[in-house]
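Comments concern the structure below.
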Amino acid sequence: MKIYVAGHRGMVGGAIVRQLQARIDAGEEIDILTRTHSELDLTSQPAVAGFMATEKPDVVILAAAKVGGIIANSTYPAEFIYENLMMECNVIHQAYSAGVKRLLFLGSSCIYPKMAEQPMREDALLTGTLEPTNEPYAIAKIAGIKLCESYNRQYGVDYRSVMPTNLYGPGDNFHPENSHVLPAMIRRFHEAVENGTPEVVIWGTGKPFREFLHVDDMAEASLFVMDLDDETYKANTKDMLSHINVGTGTDVSIGELAHMVAEVTGFKGTIGFDTSKPDGTPRKLMDVSRLRDMGWTAKIGLREGVQDAYQWYLNNRDTLRG
Numbered sequence: 002m003k004i005y006v007a008g009h010r011g012m013v014g015g016a017i018v019r020q021l022q023a024r025i026d027a028g029e030e031i032d033i034l035t036r037t038h039s040e041l042d043l044t045s046q047p048a049v050a051g052f053m054a055t056e057k058p059d060v061v062i063l064a065a066a067k068v069g070g071i072i073a074n075s076t077y078p079a080e081f082i083y084e085n086l087m088m089e090c091n092v093i094h095q096a097y098s099a100g101v102k103r104l105l106f107l108g109s110s111c112i113y114p115k116m117a118e119q120p121m122r123e124d125a126l127l128t129g130t131l132e133p134t135n136e137p138y139a140i141a142k143i144a145g146i147k148l149c150e151s152y153n154r155q156y157g158v159d160y161r162s163v164m165p166t167n168l169y170g171p172g173d174n175f176h177p178e179n180s181h182v183l184p185a186m187i188r189r190f191h192e193a194v195e196n197g198t199p200e201v202v203i204w205g206t207g208k209p210f211r212e213f214l215h216v217d218d219m220a221e222a223s224l225f226v227m228d229l230d231d232e233t234y235k236a237n238t239k240d241m242l243s244h245i246n247v248g249t250g251t252d253v254s255i256g257e258l259a260h261m262v263a264e265v266t267g268f269k270g271t272i273g274f275d276t277s278k279p280d281g282t283p284r285k286l287m288d289v290s291r292l293r294d295m296g297w298t299a300k301i302g303l304r305e306g307v308q309d310a311y312q313w314y315l316n317n318r319d320t321l322r323g
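According to our numbering, the stretch in the sequence shown is residues 2 to 323, in order.
Below you can see the structure in the form of structure tokens.
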């Protein structure tokens, strides 16, 4: 079984490769196929076409994406929609052209409307207006889902999509400006402890609720969905509503999260909130009943996961960018 993992240097792709390697160590016959960006530019149609035609993978896992937090999404909207659309179009179409029958596309919970009913079910897709701060990225991810569904309908392939909630863990982006909320907090609270800073100020009111899933759980869920037999998968999905939510089914306020990160990092000072900054979506909780009914649930608790992410940061911060 030759499995191509696109985006293996990213947080999710790296976790998927680790779990595939564990399967190899356990005796499964798997050939993990990877390429760095310098070796293969996924936004280049000729490059992707040549790669797929030459390597002919049996399975493709599309974990590659341009990702970032509120600041990055607001600053580079054109890059977010263009690069993600190009990667999805090239990888999905060229996989089909090379005869790939099984593909797994990784999306994001931001595909759902800003004011979607909570918890967000898969059928909330395309029922309302998106959160403006990351609309370009969300549009690209929605297009990826619909590409998979359309190729399934027209060509009879088996291209599946999983929509994770907010991810964190080893390999995360801890850049001070372009990271997501949890790694940004870990870095800021750690540096406050290091520098003796008396107060850490968090963007917004602290009242929005967010759900967080450890990347190792996401990798396990991704392979679980990829491995599902056709009958089980199709019994829980529809032709044009085939994506599956992946999350924990529980959430926490940003304020509560800040206090948890403060405890883990040993910060003893004051936590403030800059209410002049945007909160983003009021709540983003995934309805994970579809995946639970298939037989998978998350295993890593938030406190345990934050501790793991913080330890990874401590072990790797000297090599991180920014």
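The beta carbon of each residue, even a glycine, is placed where N, CA and C say it ideally should be. Here the structure is a predicted model, which means the values were calculated and not measured.
> Less than 8 Å separating the beta-carbons of Ile-33 and Leu-21?
Replying inline: yes
> Hey, Pro-177 and Asp-280: beta-carbon distance below 8 Å or not?
Replying inline: no
> Ordered along the chain, which non-local residues of its own chain (more than five positions away) have a Cβ less than 8 Å from that of Ser-243?
Replying inline: Ile-146, Cys-149, Glu-150, Asn-153, Arg-161, Ser-162
>> If you follow the beta strand (DSSP E) that Asp-326 is in, where does it begin and where does it stop?
In response: What is shown of the chain runs 2 to 323, which leaves residue 326 out entirely.
>> For Gly-250, tell me which candidate among Tyr-77, Thr-166, Ala-117 has the shortest Cα-Cα distance.
In response: Thr-166
> What first and last residue would you give for the beta strand (DSSP E) that runs through Phe-337?
Replying inline: Residue numbering for the chain in the displayed model covers 2 to 323; residue 337 lies beyond these limits and cannot be assessed.
>> For a minimum of 4 consecutive residues, which ranges assigned as the alpha helix (DSSP H) are wholly contained in the stretch 201 to 244?
In response: 216 to 228, 231 to 236
>> For Gln-308, tell me which candidate among Gly-11, Met-227, Phe-225, Leu-183 has the shortest Cα-Cα distance.
In response: Leu-183
>> Can you look up Asn-179 in the DSSP assignment and give me helix, strand or coil?
In response: coil
> How big is the Cα-Cα spacing for Val-158 and Arg-103?
Replying inline: 7 Å
> Which residues mark the beginning and the end of the alpha helix (DSSP H) in which Arg-10 is found?
Replying inline: Premise fails: Arg-10 is in no alpha helix (DSSP H) and is neither H nor E.
>> Assuming Ile-62 is part of the beta strand (DSSP E), what are its boundary residues?
In response: 60 to 63
>> With DSSP as the reference, identify every bridge partner of Ile-25, one or two as the case may be.
In response: According to DSSP, which records beta bridges pairwise, Ile-25 is partnered with nothing at all.
> Just to confirm, are Thr-266 and Ile-187 a CB contact at a threshold of 8 Å?
Replying inline: yes
> With 16 as the cutoff for other CB atoms within 10 Å, does Leu-43 come out buried or exposed?
Replying inline: buried
> Which residue from Ile-62, Glu-29, Gln-46, Asp-26 puts its Cα closest to that of Ile-4?
Replying inline: Ile-62
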